[in-house]
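Reviewing the structure listed below.
There are 2 protein chains.
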Amino acid sequence: MTRILIADDHAMFADGIASILEAETSLEVVGRCLDGPSTLEFLKNNEVDIVLLDVNLPGMSGIDVCKDISANHKSTKVLAISMFNEESFVTEILNNGAMGYILKNTGREELLKAINTILGGQSYFSEDVTQTIMKGLMKSRTASKQTQKPLPKISRREKEVLQLIVKEFTTQEIANELFISLKTVESHRSNLLAKLNARNSAGLVRIAMENKLIES
Amino acid sequence: MTRILIADDHAMFADGIASILEAETSLEVVGRCLDGPSTLEFLKNNEVDIVLLDVNLPGMSGIDVCKDISANHKSTKVLAISMFNEESFVTEILNNGAMGYILKNTGREELLKAINTILGGQSYFSEDVTQTIMKGLMKSRTASKQTQKPLPKISRREKEVLQLIVKEFTTQEIANELFISLKTVESHRSNLLAKLNARNSAGLVRIAMENKLIES
DNA sequence: TTGGTTTTAAGGGATTACCCCGAATTTTTT
DNA sequence: AAAAAATTCGGGGTAATCCCTTAAAACCAA
Chain A
1 MTRILIADDH
11 AMFADGIASI
21 LEAETSLEVV
31 GRCLDGPSTL
41 EFLKNNEVDI
51 VLLDVNLPGM
61 SGIDVCKDIS
71 ANHKSTKVLA
81 ISMFNEESFV
91 TEILNNGAMG
101 YILKNTGREE
111 LLKAINTILG
121 GQSYFSEDVT
131 QTIMKGLMKS
141 RTASKQTQKP
151 LPKISRREKE
161 VLQLIVKEFT
171 TQEIANELFI
181 SLKTVESHRS
191 NLLAKLNARN
201 SAGLVRIAME
211 NKLIES
Chain B
217 MTRILIADDH
227 AMFADGIASI
237 LEAETSLEVV
247 GRCLDGPSTL
257 EFLKNNEVDI
267 VLLDVNLPGM
277 SGIDVCKDIS
287 ANHKSTKVLA
297 ISMFNEESFV
307 TEILNNGAMG
317 YILKNTGREE
327 LLKAINTILG
337 GQSYFSEDVT
347 QTIMKGLMKS
357 RTASKQTQKP
367 LPKISRREKE
377 VLQLIVKEFT
387 TQEIANELFI
397 SLKTVESHRS
407 NLLAKLNARN
417 SAGLVRIAME
427 NKLIES
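Going down the list, the protein sequences come from chains A and B. If you read the first sequence in this note's numbering, its first letter stands for residue 1, the second for the next number, and so on. If you read the second sequence in this note's numbering, its first letter stands for residue 217, the second for the next number, and so on.
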């Protein structure tokens with residue numbers, strides 16, 4: 001028997017969910033909470049397999065609730081439910097331990113499918129949500145592609161030096177590592193500063209990490 | 217009339233694609249190439265709207281071909297086609313300008329849908345591919361969550377100093393910016409080095425960026 | 001109010017990074 | 001083969017960072 005907790009401030013919606021789930025003999029709704037604090041309180045006193053969590057809870061955000069759940073109730077899974085197909089909501093709550101994200105216009109079949117998928121250890125996302133995420137990925141990629149393009153050609157040796165700088169090697173240590181003179185490494189450093197338009201090592205590291213020039 | 221170039225070393229598969237597309241009056245297959253270099257050569261001499269590009273071309277990788285296309289033929293779009301639903305393949309070629317990724321077991325209907333979607337400026341991914349990507353996102357998230365946890369408490373002032381270090385400010389400049397003494401900033405630097413277990417500024421920047429302590 | 005943390009500040013010394021100059025050798029590209 | 005770029009190595013100097021210790025004032029919580 002799977003124990004389910006519904007956390008949503010809209011009573012009517014929670015009723016709808018509950019009526020759907022109660023028709024299933026393998027599922028049991030063990031509680032309903034209207035806000036974040038009461039949800040966490042309930043979880044302290046009851047064993048729950050899966051929480052159907054509204055992302056936009058009043059007062060305490062669903063994101064914070066989710067964070068707390070995945071921190072303190074490792075065996076309890078979270079299925080995020082929301083009115084909004086917003087990329088920021090989706091990524092935010094997924095980054096805090098939710099195993100799935102569905103919209104409130106989701107039908108009975110899909111809801112049950114989502115629950116079973118998550119109970120099986122897989123993740124589940126509505127079709128629409130998936131599309132939103134993928135679009136977001138494309139956008140961020142192309143956007144960053146355009147802004148970070150003006151990076152000059154870094155030679156093989158310069159890249160080696162840069163990677164060691166990122167690894168906190170001093171100039172002397174880099175020289176030893178690469179079997180070259182201290183002065184040679186200083187040359188590469190200077191060239192890197194000029195090429196990447198940085199003022200010091202901090203800038204080199206920042207640019208290296210922004211452009212993922214680390215070990216590749 | 218949409219001009220299509222097929223780049224695939226499997227003649228039989230290219231034939232199949234071609235026969236599907238030739239049934240469409242709005243689409244025209246203007247060429248077929250069997251490897252990377254000939255694909256790029258063809259594009260130099262012909263205007264092409266969309267390239268159906270096999271990711272696993274012999275010799276020159278499809279990723280490199282795609283990179284060249286998006287660099288030198290901005291108006292030509294790329295639809296990646298592959299036998300393999302591998303996350304590394306998908307992310308790699310998407311990061312090099314491809315607008316879509318479908319598998320070779322894709323049917324006629326979906327192929328046409330993918331082409332039209334991409335021509336319309338949208339991105340397109342097969343259902344299976346989408347699932348793979350989403351799973352990969354989940355995995356990387358949970359993995360990074362576990363590894364980057366042990367970071368000590370950084371005070372408000374220390375975080376300010378750290379953020380300015382990342383912005384390539386020198387110690388003196390940070391002192392001016394925050395209206396405090398040079399020696400005070402040096403104290404904060406030392407404390408940061410100790411707390412974050414770093415050896416120098418490079419390490420501070422790396423840790424700051426890994427843990428996203430920059431402006432927040 | 002007492003104790004812990006933070007923020008502020010300082011001296012002095014050691015180490016490292018950064019800059020300007022030049023230059024030889026090797027590799028790559030044309 | 002010639003040109004360009006990359007790699008190598010110096011000298012000398014300035015600026016910045018790092019290390020160690022100490023400590024007062026401010027703040028916050030028990």
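Glycine included, each C-beta is placed from N, C-alpha and C at the ideal position. Bear in mind the structure is a predicted one, so any value in this text is a computation, not a measurement.
- Note on geometry: alpha-carbon atoms of Arg-324 of chain B and Glu-343 of chain B lie some 15 Å from one another.
- At least one CB of chain A lies nearer than 8 Å to the CB of Asn-416 of chain B.
- Under the Cβ distance rule, Glu-384 of chain B counts among the residues neighbouring chain A, one pair being separated by less than 8 Å.
- According to DSSP, Arg-219 of chain B shares a beta bridge with B:Glu-244.
- DSSP places Ala-296 of chain B in the uninterrupted beta strand (DSSP E) bounded by 293-298.
- Taken through DSSP and simplified to helix, strand or coil, Phe-341 of chain B comes out as strand.
- Spatial neighbours of Gly-313 of chain B in its own chain (CB-CB distance under 7 Å, excluding positions within 5 residues in sequence) are listed in chain order as Cys-282, Lys-283, Ile-285, Ser-286 and Val-294.
- Judged by DSSP secondary structure, Asp-68 of chain A falls within the alpha helix (DSSP H) whose first and last residues are 62-72.
- The straight-line gap separating the alpha-carbon atoms of Val-161 of chain A and Arg-189 of chain A is approximately 8 Å.
- Taking one beta carbon from each stretch, the stretch 109-123 of chain A and the stretch 159-178 of chain A have fewer than 3 pairs nearer than 8 Å; the two do not touch.
- Under the three-state reduction of DSSP output, Val-264 of chain B falls in the coil class, being neither helix nor strand.
- As DSSP reads the structure, Leu-103 of chain A sits in a beta bridge with A:Ser-82.
- Here the alpha carbons of Asp-8 of chain A and Ser-397 of chain B stand approximately 52 Å from one another.
- Taking the CA atoms as reference points, Pro-274 of chain B sits about 22 Å from Thr-322 of chain B.
- About 6 Å separates the Cβ atoms of Ile-50 of chain A and Ile-4 of chain A, confirming a contact at the 8 Å cut-off.
- By alpha-carbon distance to Asp-64 of chain A, the top candidate from A:Met-12, A:Glu-92, A:Val-48 and A:Ser-155 is A:Glu-92.
- Rounded to whole angstroms, Ser-155 of chain A and Asp-251 of chain B show a C-alpha spacing of 28 Å.
- Note on geometry: alpha-carbon atoms of Glu-384 of chain B and Asn-191 of chain A lie some 17 Å from one another.
- DSSP, read as helix, strand or coil, puts Asp-225 of chain B in coil.
- Against chain B, a Cβ distance below 7 Å from Val-205 of chain A picks out Ala-418, Val-421 and Arg-422.
- What Thr-130 of chain A touches in chain B, judged by beta-carbon distance under 7 Å, is Thr-346 and Met-350, going in chain order.
- Excluding residues up to 5 positions away in sequence, Met-217 and Arg-219 lie with their Cβ nearer than 6 Å to the Cβ of Glu-244 of chain B in the same chain.
- Met-12 of chain A counts as exposed, since fewer than 16 other C-beta atoms from the protein chains shown sit within 10 angstroms of its C-beta.
- Within the same chain, Cβ atoms closer than 7 Å to the Cβ of Val-421 of chain B are found at Ile-381 and Val-382, the five residues on either side in sequence being excluded.
- A straight line joining the alpha-carbon of Pro-253 of chain B with that of Phe-341 of chain B spans about 26 Å.
- Asp-231 of chain B sits in a helix when the DSSP states are folded into three classes.
- Between Gly-136 of chain A and Glu-87 of chain A, the C-beta gap is smaller than 8 Å, which places the two residues in contact.
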